[in-house]
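Going down the list, the sequences are from chains W, D and A. Residue numbering for the first sequence follows the numbering used here, starting at 2 and increasing by one per position. Residue numbering for the second sequence follows the numbering used here, starting at 2 and increasing by one per position. Residue numbering for the third sequence follows the numbering used here, starting at 2 and increasing by one per position. Remarks on the structure that follows.
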Amino acid sequence: MKLFTSVNDVTDLSGLVKEALHFKQNPFAHKELGKNKTLGLIFLNPSLRTRLSTQKAALNLGMEVIVMNIDKEGWALETRDGVIMNGTTVEHIREAAGVMGEYFDILGIRSFPGLQNREEDYSEDILNKFIKFSGLPLVSLESGTRHPLQSLTDLITITEHAPQGRRPKVVLTWAPHVKALPQAVPNSFAEWMCKADVDFTITHPAGYELDTQFTQGATITYNQEEALQDADFIYVKNWSSYQDYGKVITTDPNWMLTRDQLGVTNQAKVMHCLPVRRDLELGADILDSTDSLVIKEAGNRVWAAQVVLKRMLEANIKQADERRFTGS
Amino acid sequence: MKLFTSVNDVTDLSGLVKEALHFKQNPFAHKELGKNKTLGLIFLNPSLRTRLSTQKAALNLGMEVIVMNIDKEGWALETRDGVIMNGTTVEHIREAAGVMGEYFDILGIRSFPGLQNREEDYSEDILNKFIKFSGLPLVSLESGTRHPLQSLTDLITITEHAPQGRRPKVVLTWAPHVKALPQAVPNSFAEWMCKADVDFTITHPAGYELDTQFTQGATITYNQEEALQDADFIYVKNWSSYQDYGKVITTDPNWMLTRDQLGVTNQAKVMHCLPVRRDLELGADILDSTDSLVIKEAGNRVWAAQVVLKRMLEANIKQADERRFTGS
Amino acid sequence: MKLFTSVNDVTDLSGLVKEALHFKQNPFAHKELGKNKTLGLIFLNPSLRTRLSTQKAALNLGMEVIVMNIDKEGWALETRDGVIMNGTTVEHIREAAGVMGEYFDILGIRSFPGLQNREEDYSEDILNKFIKFSGLPLVSLESGTRHPLQSLTDLITITEHAPQGRRPKVVLTWAPHVKALPQAVPNSFAEWMCKADVDFTITHPAGYELDTQFTQGATITYNQEEALQDADFIYVKNWSSYQDYGKVITTDPNWMLTRDQLGVTNQAKVMHCLPVRRDLELGADILDSTDSLVIKEAGNRVWAAQVVLKRMLEANIKQADERRFTGS
């Protein structure tokens, strides 16, 4: 594995999940693999779980980790080509990424979308430039359109708690919020669920339709109650509009999931990528009950990151071996 | 040891000091103990000594350390229960602490008091919620009412420099400052000194009385000169009022200790937890002389942190062994 | 080596470069040397390459690294002596440096000049106080007047790419910029080139003369085209005026190097310390061509830092051995 930016970078979804769960039982099984290898974690936006879990995963593999909040510890990066840099940006992404390519063995990058210009955000220009100009194996720590480490984590968590002997029903439900949030988590969750062995439904108010490239195969409905029927897992998340890009169309509090709605489900477990705003996005009654998986889910972020880093380290070693044998 | 939040978490004060001094001679004596164990150091407020010394102590024990300034690198935490989170706080402490419980083996937390609401600060609500919701062994890096790593350091430093064959006289003296500072350091120093084998006096202007729960057994006087008489150690520190909570009652410069006041002492050594404002809190003439212990004292922060972390690691191993033998 | 703050701390320039290039082939050759040694990297100003490359170099040597952006994670330091600290500075450099002396084995410090007061900046007061009060081996991560790790890197890069059998011609050319930048990089580059086995020319508009203490032996001209004639290496850099201290005298775009100017050179390679503002300081046509060495140059920062740290660790061990044999 050279890149981990979307589900399309994974060839064996269930094998990846299985290996992650193996790490959960044996965190230090491959401690030698990362020896003398450095992971750079570069954040253009804040992070709690992603930063801590990926750092932990790398340490479990024996890697060195260098974390940098480039927006706060460094300076503003220019991402556009062909501009005269006489404004506030101090360094171009071409140089910044190129330099990182000299220092790290694997690069992790977080860069949120601006939510102003859909075409720009959905082009994944920043992520792609980090890939191109660093030349490194790269793991997305959330980009303009996706959050693949979160989605792999979610699939791991669903696999762990799935009912025996049948496909689970998984529902992604939109939730209210006071701010305009990216579509990266729901996009990503949707594209992973569409490829996983689950029955997948998405529900949201009109105007919150996701880009259809992520939702092929999903059942989509505006009726939340209908969607929740017989659900095994409910994934709660706010997002801003894709069509009326970056806008908050409604904040209707009726869309906030509470415990009394779980009656129609199949004793559904409730998930959320966190951070979650209590009693705005999701009822505290659920979060404080055993119906909630959110803490265990966050814990699984470590194993998702660890299996991805492990495969990148292995691919690297394989490449190096091939270079050695062919003399190139 | 599962918690280190006050002197009450210590059963053998002199044994703890002795072991810390042993580490000072043999910093890497237990380098294997922390293997594959991760310490999370979470700061809700700035830090220099605490951050650096605790990180160093953990590295000496072979631990991995993950530092996060959550206020700067993450986002604002909600600490109150039962609120609808539609304001500026992004994540609830219940989730944030719960998630940390998934990633770390030991948690260190710094959270200063707001100095607006005494009841709230003295309830130690934030510290207690981190303990409860993380479920981890937790070391306070300074909380609303106490700074136990500093106080253990101070006792180590006093033990090192104490006169032979008699109980030392230790004086805590209030000092002027332009800002309103917490009572955590003086509270904590007082409660440690009251349990240590020293003769302990506190002196401050009227209105700066500390909460009596911390000062049982101390001699308390408004007369600084009288207090300094025959002192072996003088601990200089500013704090704001406990009674008129968080207020600066006086900034009388006569309370600033200078070298000419040391004449009445027993060649007293002068201590301060740092940072210290020169010639406002404490005379530069003292800080630049051999009367001052402040740098050596700060150095001892490493051994205080190391002995605490060591005991937590040992307790953890013991628990794991017990679980293994009982099959639970 | 106890200090690395200028070229004057180096006795064998070519030996140092040779050893650095050896590390480039064998990054982990001395992984045991830094065991149980801690490098503190303290930044009073932002950093990307210096932070990442020095951290990487120390990890290659098996050291522990503690990074602190003291301006952001800590508080403002007072650097003047004899002031009553009743303003906004929270801690004096005397204490801050003294405390670091207790925690680290080697200290790295970055502190930019204020560009307001030439005498103050050129006294290197802050750097000297960190040296004096920490008592540690200290490596400058860029100070008021110099950036020696960058200059060593530059010499390494020039050595790697130099023509066989003759002294290379190296040209330092001033470049336009919208902000007032320090003279540290050009000062430092000049004093290293003046000591290296190269033919060295400096070119800049009138009014941008560097302090002559750094330029002894260099050819200096206001005529850029003349300077570029037969150049093997062109080092592009903006700086503000030394004479009219900290001022921007001109921003004449004709001074920006572009590819069509390279015709008169000896197929010159173009260097820059980065960050570089594209099409303001230096033409994107050069940066995106094979004429540019800037990424490889930045990569060499690791080996420069590693050879310096290695020599400091060795000096430390030697000192410790001598103390052991003499019983002192």
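Ideal placement from N, C-alpha and C gives every residue a C-beta, glycine not left out. All figures in this text were calculated on a predicted structure; none of them were measured in a lab.
Query raised in the report: Mind checking if residue 21(A) is an interface residue toward chain W, Cβ cutoff 8 Å exclusive?
Result: By one-based count along the third sequence, residue 21(A) stands at place 20. By this cut-off, residue 21(A) is not an interface position.
Query - the stretch 256-281 of chain W: positions lying closer than 8 Å to chain D by Cβ - result: 275, 276, 277, 278, 279, 280, 281
Report task. Below 9 Å between beta carbons is the criterion; list the residues of the stretch 41-60 of chain D that meet it against any residue of chain A, in chain order. Result -> 44, 47, 48, 49, 50, 52, 53, 54, 56, 57, 60
Query raised in the report: So what does DSSP say about residue 236(W), is it helix, strand or coil?
Result: Position 235 of the first sequence, counted from the first residue, corresponds to residue 236(W). It is a strand residue.
Query raised in the report: What did DSSP end up calling residue 329(W) once you bin it into helix, strand or coil?
Result: To locate residue 329(W), count along the first sequence from 1; it is residue 328. Any reading at residue 329(W) must be qualified, since the residue scores a pLDDT of 49, below 50, and its modelled position is unreliable; the value itself is stated next. Three-state DSSP puts residue 329(W) in coil, outside helix and strand.
Requested in this report: Could you name the residues that DSSP lists as bridge partners for residue 170(W)?
Outcome: Position 169 of the first sequence, counted from the first residue, corresponds to residue 170(W). Beta-bridge pairing links residue 170(W) to 200(W).
Requested in this report: Out of 225(A), 191(A), 100(A), 93(A), state which residue places its alpha-carbon closest to the alpha-carbon of residue 258(A).
Outcome: For this step, residue 258(A) is matched to residue 257 along the third sequence. Among 225(A), 191(A), 100(A), 93(A), the Cα nearest to that of residue 258(A) belongs to 225(A).
Requested in this report: Please determine if the stretch 183-197 of chain D and the stretch 36-47 of chain D are in contact, where contact requires at least 3 C-beta pairs separated by less than 8 Å.
Outcome: no
Query raised in the report: Just the Cα atoms here: how many angstroms apart are residue 175(W) and residue 56(D)?
Result: Position 174 of the first sequence, counted from the first residue, corresponds to residue 175(W). Position 55 of the second sequence, counted from the first residue, corresponds to residue 56(D). Looking at the two C-alpha atoms, the distance is approximately 42 Å.
Requested in this report: Could you confirm whether any beta carbon from chain A is found closer than 8 Å to the beta carbon of residue 100(W)?
Outcome: The sequence position of residue 100(W) within the first sequence is 99, counting from 1. Yes, residue 100(W) counts as interfacial toward chain A.
Query raised in the report: Are the beta-carbon atoms belonging to residue 271(W) and residue 235(W) less than 8 Å from one another?
Result: Looking up residue 271(W) in the first sequence gives position 270. Looking up residue 235(W) in the first sequence gives position 234. Cβ atoms of residue 271(W) and residue 235(W): closer than 8 Å.
Query raised in the report: How would you write the range of the beta strand (DSSP E) that residue 66(A) sits in, first residue to last?
Result: As a working note, residue 66(A) is residue 65 in the third sequence. Here the beta strand (DSSP E) through residue 66(A) covers 65-70.
Query raised in the report: Between the stretch 104-117 of chain D and the stretch 130-137 of chain D, do three or more beta carbon pairs fall short of 8 Å?
Result: yes
Requested in this report: Could you give the DSSP three-state label for residue 5(W): helix, strand or coil?
Outcome: Here residue 5(W) refers to the residue found at position 4 when the first sequence is read from its first residue. Three-state result, residue 5(W): strand.
Query raised in the report: For residue 109(A) and chain W, any beta-carbon pair shorter than 8 Å?
Result: The count along the third sequence starts at 1 and reaches residue 109(A) at position 108. Chain W contact via Cβ: absent.
Requested in this report: Express the C-alpha separation of residue 197(D) and residue 14(D) in angstroms, rounding to a whole number.
Outcome: Translated into the one-based positions of the second sequence, residue 14(D) becomes position 13. Translated into the one-based positions of the second sequence, residue 197(D) becomes position 196. Looking at the two C-alpha atoms, the distance is approximately 7 Å.
Requested in this report: Closer than 9 Å by beta-carbon distance: list the chain A residues that pair up with residue 67(W), in chain order.
Outcome: On the first sequence, residue 67(W) is found 66 positions in, with the first residue counted as 1. Residues of chain A passing the Cβ test: 52, 53, 56, 57, 60, 66, 68.
**Report entry** 8 Å contact criterion, which residue 113(A) and residue 61(A) should meet: CB distance rounded
**Finding:** Locating residue 113(A) in the third sequence gives position 112, counting from the first residue. Locating residue 61(A) in the third sequence gives position 60, counting from the first residue. Residue 113(A) to residue 61(A), Cβ: 27 Å. No contact.
Report task. Run down chain A in chain order and give the residues with a C-beta less than 9 Å from the C-beta of residue 299(D). Result -> Locating residue 299(D) in the second sequence gives position 298, counting from the first residue. Residues of chain A passing the Cβ test: 96, 99, 100, 103, 104.
**Report entry** chain D within 8 Å of residue 86(A), Cβ atoms only
**Finding:** In the third sequence, counting from the first residue as 1, residue 86(A) sits at position 85. Taking Cβ atoms only, chain D reaches closer than 8 Å to residue 86(A), which makes this a yes.
Query raised in the report: Within this structure, are the beta carbons of residue 233(D) and residue 191(D) separated by less than 8 Å?
Result: Position 232 of the second sequence, counting from 1, holds the residue named residue 233(D). Position 190 of the second sequence, counting from 1, holds the residue named residue 191(D). The answer is no: Cβ separation not under 8 Å.
Query raised in the report: Between which two residues does the beta strand (DSSP E) carrying residue 140(A) extend?
Result: In the third sequence, residue 140(A) corresponds to position 139, counting from 1. Run containing residue 140(A): 139-141, per the beta strand (DSSP E) assignment.
Query raised in the report: Tell me the DSSP bridge mates of residue 103(D)?
Result: Mapped onto the second sequence, residue 103(D) falls at position 102. Per DSSP, none; premise fails for residue 103(D).
Report task. Tell me residue 220(A)'s beta-bridge partners as DSSP assigns them. Result -> Here residue 220(A) is taken as the residue at index 219 of the third sequence, counted from 1. In the DSSP output, where bridge partners are listed per residue, residue 220(A) has 202(A).
Requested in this report: At 4 residues or longer, and completely inside the stretch 6-40 of chain W: list those alpha helix (DSSP H) runs for me, N to C.
Outcome: 14-26
Query raised in the report: What first and last residue would you give for the alpha helix (DSSP H) that runs through residue 248(W)?
Result: Looking up residue 248(W) in the first sequence gives position 247. Neither: residue 248(W) is in no alpha helix (DSSP H) and is coded neither H nor E.
Query raised in the report: Given 8 Å as the limit, is there contact between the stretch 313-326 of chain D and the stretch 156-176 of chain D, that is, 3 or more CB pairs closer than that?
Result: no
Query raised in the report: Thinking C-alpha only, which one of 200(W), 297(W), 316(W) is nearest residue 100(D)?
Result: Start at 1 with the first residue of the second sequence, and residue 100(D) comes out as number 99. Of the candidates 200(W), 297(W), 316(W), the one whose C-alpha sits nearest the C-alpha of residue 100(D) is 297(W).
Query raised in the report: According to the neighbour-count rule (16 or more other Cβ atoms, all chains shown, within 10 Å of its Cβ), is residue 315(W) buried or exposed?
Result: Sequence index remark: in the first sequence, residue 315(W) carries index 314 (1-based). So residue 315(W) counts as exposed.
**Report entry** Below-8 Å beta-carbon distance, residue 29(W) vs any chain D residue
**Finding:** Within the first sequence, numbered from 1, the residue matching residue 29(W) stands at position 28. With 8 Å as the cut-off, residue 29(W) counts as an interface residue toward chain D.
Query - Partner residues on chain A for residue 296(D), Cβ-Cβ distance less than 8 Å - result: Mapped onto the second sequence, residue 296(D) falls at position 295. Here the neighbours are 96, 99, 100, 102, 103.
Requested in this report: Give the straight-line distance between the Cα atoms of residue 215(A) and residue 187(A), rounded to the nearest whole angstrom.
Outcome: Locating residue 215(A) in the third sequence gives position 214, where the first residue counts as 1. Locating residue 187(A) in the third sequence gives position 186, where the first residue counts as 1. Cα to Cα, the separation comes out at about 9 Å.
Query raised in the report: How many Å lie between residue 256(D) and residue 124(A) at the Cα?
Result: As a first step, residue 256(D) must be located in the second sequence, where it is residue number 255. As a first step, residue 124(A) must be located in the third sequence, where it is residue number 123. Going from the Cα of residue 256(D) to the Cα of residue 124(A) covers about 36 Å.
Query raised in the report: Does the beta carbon of residue 33(W) come closer than 8 Å to any beta carbon on chain A?
Result: As a first step, residue 33(W) is located in the first sequence; it is residue number 32 there, counting from the start. Closer than 8 Å: no.
Query - chain W contact residues for residue 186(A), given Cβ-Cβ distances below 7 Å - result: As a first step, residue 186(A) must be located in the third sequence, where it is residue number 185. Within 7 Å Cβ-Cβ: nothing; residue 186(A) doesn't reach chain W, min ~15 Å.
**Report entry** For residue 294(D) and residue 275(D), the rounded distance between their alpha carbons
**Finding:** In the second sequence, residue 275(D) corresponds to position 274, counting from 1. In the second sequence, residue 294(D) corresponds to position 293, counting from 1. C-alpha separation (whole angstroms): 11 Å.
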